[in-house]
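First residue of the sequence shown? That's 1 in UniProt numbering, and the numbers climb one at a time after it. All C-beta atoms in this analysis are idealised placements derived from N, C-alpha and C, irrespective of residue type, glycine included. Source: prediction; values computed, not measured.
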Amino acid sequence: MFGWLLRRLGQVVPTLLILSLFVFGLQQLMPGDPALIMAGEERGDPEVLAQIRAELMLDRPVWEQYLAWLFRLLHGDLGFSWRIRQPVTELILQKLPVTLQLGAMAFIIAVAIGVPLGVLSAVKRDRPLDWIANGLALAGISTPNFWLGIMMILLFSVQLGWLPPSGYVPLTEDWRQSLATTIMPAFVLGNSIAGVLMRHTRAAMLGALGQDYVRTARAKGLPERVVVAKHALRNALIPVVTLGTIELGKLLAGAVLTEQIFTIPGFGKLIVDAVFNRDYPVVQGVVVVTAVIFVLLSLLSDLLYMLVNPRLRAA
1 MFGWLLRRLG
11 QVVPTLLILS
21 LFVFGLQQLM
31 PGDPALIMAG
41 EERGDPEVLA
51 QIRAELMLDR
61 PVWEQYLAWL
71 FRLLHGDLGF
81 SWRIRQPVTE
91 LILQKLPVTL
101 QLGAMAFIIA
111 VAIGVPLGVL
121 SAVKRDRPLD
131 WIANGLALAG
141 ISTPNFWLGI
151 MMILLFSVQL
161 GWLPPSGYVP
171 LTEDWRQSLA
181 TTIMPAFVLG
191 NSIAGVLMRH
201 TRAAMLGALG
211 QDYVRTARAK
221 GLPERVVVAK
231 HALRNALIPV
241 VTLGTIELGK
251 LLAGAVLTEQ
261 IFTIPGFGKL
271 IVDAVFNRDY
281 PVVQGVVVVT
291 AVIFVLLSLL
301 SDLLYMLVNP
311 RLRAA
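Spelled out as structure tokens, the structure:
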């Protein structure tokens, strides 16, 4: 297993290198002159513009700019924000924990709803419980996040007064208030993913329940709950694990609209502000971090395969 892990890490390195080429290349295609953006009111002074271009290495060839940027990136330096003159690494470290907390809560909600419903739907196939579970999954997938978020604010904040309508409190300050401010956006994000997980879990379970080893387990007289949980579910979880890691990555990268609705200062709001203000180093840093998260989640899914299925560990 250790040798396999080293081979997978060896594949990660060229993947990240190619991603860095794409990220840097896309920045070169973006409109506008960075020197003019940073010069502000002094953009009419040629000396100031020349000094800024020299500091940003804009007067060097593109390949030299890329190598310098890659060297800084390998040392954890993502550059400086042009708008607020703060290191991009610090900005990301401030905002990323907020989105990580929100994404983790949303993923827990999605798994807690989607996987049990998928299992029950497969076990009770073509019965009322199956129809109800499929209806809930379809509703979750079809409901727009912005509409559900607004409706939850109107119900739980305006009408009932149970939860704050917006804002964010860190876990380190007050964990109760932190959960209160993130439970609604977490449910909004987890709702659609729960529907997707339910459909995939149901399909995987239906395939597993029709296998010979399940019929053998039933012929031996094992209780149905043991057959479902130990024999069918463990083999059906492999495609669900793949989907789950992908959806978790989407949660971390795609919480933009939900964070805007609930005024949560997370990763998504950071990139929206950066795009509107043409703060390209921040956009670049966010894209790099997001790409690294997806690659690491892909590696995590491969490790989870081995934990779920002993046959893969033996192979």
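Inset, instruction - List the DSSP bridge partners of Val80. - result: According to the sequence displayed, residue 80 carries Phe and not Val. For Phe80, which the question treats as bridged, DSSP gives the partners Pro87.
Inset, instruction - For the alpha helix (DSSP H) holding Asn134, just list the boundary residues, first then last. - result: 128 to 142
Inset, instruction - For the alpha helix (DSSP H) containing Lys269, list its first residue and its last residue. - result: 267 to 276
Legend entry - Limits of the alpha helix (DSSP H) - the one that Phe156 falls within: Careful: Phe156 lies outside any alpha helix (DSSP H) and carries neither H nor E.
Legend entry - Bounding residues of the alpha helix (DSSP H) (the contiguous stretch that carries Thr181): 175 to 209
Legend entry - Candidates Ala232, Thr263, Leu74: closest to Val169 by CA position: Thr263
Inset, instruction - Could you say which of Asn277, Ala104, Ala274, Val295 lies nearest to Ala186 if we only look at CA atoms? - result: Ala104
Legend entry - Proximity of Val287 and Val23 at Cβ, strictly below 9 Å: yes
Legend entry - Within 9 Å, strictly: CB atoms of Ala133 and Leu117: yes
Legend entry - Cβ-based neighbour list, Ala291, same chain, cut-off 6 Å, excluding 5 preceding and 5 following: Leu19
Inset, instruction - May I have the straight-line CA-CA distance separating Val62 from Leu209, to the nearest angstrom? - result: 57 Å
Legend entry - Inter-stretch contact (C-beta, 8 Å, three-pair minimum) for the stretch 135 to 150 and the stretch 233 to 241: no
Inset, instruction - For Pro128, collect the residues of the same chain with a Cβ closer than 6 Å to its Cβ; drop the 5 residues on either side in sequence, then sort them by chain order. - result: none
Legend entry - Inter-residue CB distance, Thr99 and Leu252 (contact presumed, cutoff 8 Å): 6 Å
Inset, instruction - Below 8 Å on the Cβ atoms is my guess for Ala180 versus Pro164; work out the distance and round it to an integer in Å. - result: 6 Å
Legend entry - Integer Cβ distance of Val256 from Val272, believed to fall under 8 Å: 6 Å
Inset, instruction - Let me know the secondary structure DSSP gives Tyr168 once reduced to three states. - result: coil
Inset, instruction - Give the straight-line distance between the Cα atoms of Thr216 and Leu297, rounded to the nearest whole angstrom. - result: 36 Å
Legend entry - Pairwise C-alpha distance: Phe71 and Asp77: 9 Å
Inset, instruction - Give every residue of the same chain whose Cβ lies closer than 7 Å to the Cβ of Tyr66, excluding the five residues on either side of it in the sequence, and list them in chain order. - result: Phe24
Legend entry - Three-way DSSP call (helix, strand, coil) for Thr263 in this model: coil
Legend entry - Lys250 versus Ala137: straight-line alpha-carbon distance, rounded: 18 Å
Legend entry - Top-ranked residue by Cα proximity to Val115, from Glu259, Gly285, Gly190, Phe267: Gly190
Inset, instruction - Buried or exposed for Gln86, please, with buried defined as at least 16 other CB atoms from any protein chain shown within 10 angstroms of its CB. - result: exposed
Legend entry - Per-residue burial, Lys220 [other beta carbons within 10 Å of its own, 16 or more giving buried]: exposed
Legend entry - Candidates Val295, Lys269, Tyr280, of which the one nearest Leu102 by Cα: Lys269
Inset, instruction - Specify the secondary structure class of Asp279 as computed by DSSP and reduced to three states. - result: coil
Legend entry - Same chain only: Cβ atoms within 8 Å of Ala139, ignoring 5 sequence neighbours per side: Gly195
Legend entry - Identity of the residue in Ile150, Phe80, Glu224 nearest Val123 by Cα: Glu224
Legend entry - Proximity of Ile92 and Val289 at Cβ, strictly below 9 Å: yes
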